[in-house]
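Undergrad: The structure under discussion is supplied below as structure tokens; questions concerning it will follow.
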Amino acid sequence: MTCRGGARRLPVLLDAHSAALEACRRCTFDDPAILPVISSAREPLAMLVGQAPGKTEVVDRRPFAGRAGRTLFRWFGSIGIDEPIARRRIYIAAMTRCFPGSSPSGRGDRVPSPFQVSNCSAWLDAEIEMIRPAVIIPVGRLAIERFLGNRLLSELIGRAHRLPDLPGAPIAIPLPHPSGASSWIHAPGHMELVGRALDLIAARLPQLVRESTGTRSVA
Ligand code: SF4
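Numbering (the numbering used here), first residue to last: 5 to 223.
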């Protein structure tokens with residue numbers, strides 16, 4: 005299932021995909037109200053892959069709707085990409101689409117289990133195949149490991165990495181998780197790496213910056 009040469013079909017494919025994903029109950033959760041959280045982007049140029057939705061996203065039904073999202077969209081705003089354009093042009097996926105529960109430590113959310121990640125991976129694979137994004141932005145350690153292996157974040161963030169084995173051979177530009185629970189961000193020099201990564205995203209996705217500028221001038 006590919007969109008190459010058939011971009012007009014992509015919204016239709018993503019509608020069908022989202023309907024199937026919405027009905028997914030592969031993992032066993034105690035709370036039947038916990039449903040998959042799905043991107044509304046239908047003409048994406050890029051993909052962002054986070055870890056999992058949190059409590060706010062479960063209620064809001066949009067990915068990155070809470071505090072981490074405010075930081076993430078502030079980062080995008082710093083390179084001229086507005087949140088509405090980011091949500092429209094970046095398909096926001098995740099390692100799992102359902103809230104995995106609170107962390108036993110009481111600090112932040114639980115990391116999804118290998119069982120849940122394995123259950124959910126086919127949805128992500130299908131989206132990459134359909135969208136064939138030019139750029140994939142893995143956010144946080146779990147997503148970064150999925151695409152770039154288990155390496156130090158300081159060796160990976162701030163650089164662009166070709167993913168030759170994925171459909172369309174996209175470029176991965178990783179970001180740390182923007183939640184307050186991430187201590188990596190606060191270490192000396194690490195925000196500079198984040199700034200370099202954001203500059204790479206802006207350089208690879210100039211259309212998003214142009215569209216954001218258009219949005220602001222119309223408003
Ligand atoms: S986490 Fe993924 S695989 Fe598990 S029920 Fe939710 S959508 Fe389905």
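Note that CB positions come from ideal geometry on N, CA and C, so glycine has one too.
#1: Quick check: what's the CA-CA separation for residue 6 versus residue 192?
#2: Mind checking whether residue 93 and residue 215 have CB atoms under 8 Å apart?
#3: Contact between the region 97–105 and the region 51–69: three or more CB pairs below 8 Å?
#4: From the DSSP output, which residues share a beta bridge with residue 179?
#5: What does the alpha-carbon distance come out to for the pair residue 161 and residue 201?
#6: Sort 37, 46 and 186 by Cα distance to residue 143 and report the nearest one.
#7: With residue 77 and residue 87 assumed to form a contact (beta carbons below 8 Å), what rounded beta-carbon distance in angstroms separates them?
#8: DSSP on residue 49, reduced to helix/strand/coil?
#9: Select from 203, 69 and 103 the residue whose C-alpha is nearest the C-alpha of residue 36.
#10: For residue 65, which residues of its own chain have a beta-carbon under 7 Å away from its beta-carbon, when the five flanking residues on both sides are left out?
#11: Going by other Cβ atoms of all chains shown within 10 Å of its Cβ, with 16 needed for buried, is residue 275 buried or exposed?
#12: When we look at the beta-carbon of residue 123 and count the other beta-carbons within 10 Å, is it buried (16 or more) or exposed?
#13: Count the other CB atoms within 10 Å of the CB of residue 91; is the residue buried (16 or more) or exposed (fewer)?
#14: Given a cut-off of 8 Å, decide if residue 75 and residue 174 are closer than it, judged by their beta-carbon atoms.
#15: Going by alpha carbons, who is nearest to residue 131 out of 45, 38 and 218?
#16: Look at the Cβ atom of residue 233, then the Cβ atom of residue 205, and state whether they are nearer than 8 Å.
#17: Just verifying my parser: in three-state terms, what is the DSSP assignment at residue 186?
TA: Once the coordinates are examined:
#1: For the purposes of this step, residue 6 is taken as residue 2 along the sequence shown, with counting starting at 1. For the purposes of this step, residue 192 is taken as residue 188 along the sequence shown, with counting starting at 1. Residue placement at residue 6 is poorly supported in this model, since its pLDDT is 44, which falls under 50; the coordinates are not used for a value here.
#2: Taking the first residue of the sequence shown as 1, we reach residue 93 at position 89. Taking the first residue of the sequence shown as 1, we reach residue 215 at position 211. Yes, they are a contact pair.
#3: yes
#4: As a working note, residue 179 is residue 175 in the sequence shown. In the DSSP output, where bridge partners are listed per residue, residue 179 has 143.
#5: Mapped onto the sequence shown, residue 161 falls at position 157. Mapped onto the sequence shown, residue 201 falls at position 197. If you take the alpha carbons of residue 161 and residue 201, they lie about 6 Å apart.
#6: Here residue 143 refers to the residue found at position 139 of the sequence shown. Residue 143 has its Cα closest to that of 186, out of 37, 46 and 186.
#7: Translated into the one-based positions of the sequence shown, residue 77 becomes position 73. Translated into the one-based positions of the sequence shown, residue 87 becomes position 83. Confirmed, Cβ separation roughly 4 Å.
#8: The sequence position of residue 49 within the sequence shown is 45, counting from 1. DSSP places residue 49 in coil when its eight states are reduced to three.
#9: What you label residue 36 is simply residue 32 of the sequence shown in a count that begins at 1. Taking only the C-alpha atoms, the option nearest residue 36 is 103.
#10: For the purposes of this step, residue 65 is taken as residue 61 along the sequence shown, with counting starting at 1. Result list for residue 65: 41, in chain order.
#11: Past the boundaries of the shown model lies residue 275; the chain is included only from 5 to 223, so the question cannot be answered.
#12: Locating residue 123 in the sequence shown gives position 119, counting from the first residue. Classification of residue 123: buried, given that the 10 Å Cβ count is 16 or more.
#13: Locating residue 91 in the sequence shown gives position 87, counting from the first residue. Label assigned to residue 91: buried.
#14: One-based indexing of the sequence shown puts residue 174 at position 170. One-based indexing of the sequence shown puts residue 75 at position 71. Not in contact: residue 174 and residue 75 (Cβ atoms no closer than 8 Å).
#15: Taking the sequence shown and counting its residues from 1, the one referred to as residue 131 is at position 127. The shortest Cα separation from residue 131 among 45, 38 and 218 belongs to 45.
#16: Outside the shown range of the chain (5 to 223) lies residue 233, about which nothing can therefore be said.
#17: By one-based count along the sequence shown, residue 186 stands at place 182. Of the three classes helix, strand and coil, the one that applies to residue 186 here is coil, per DSSP.
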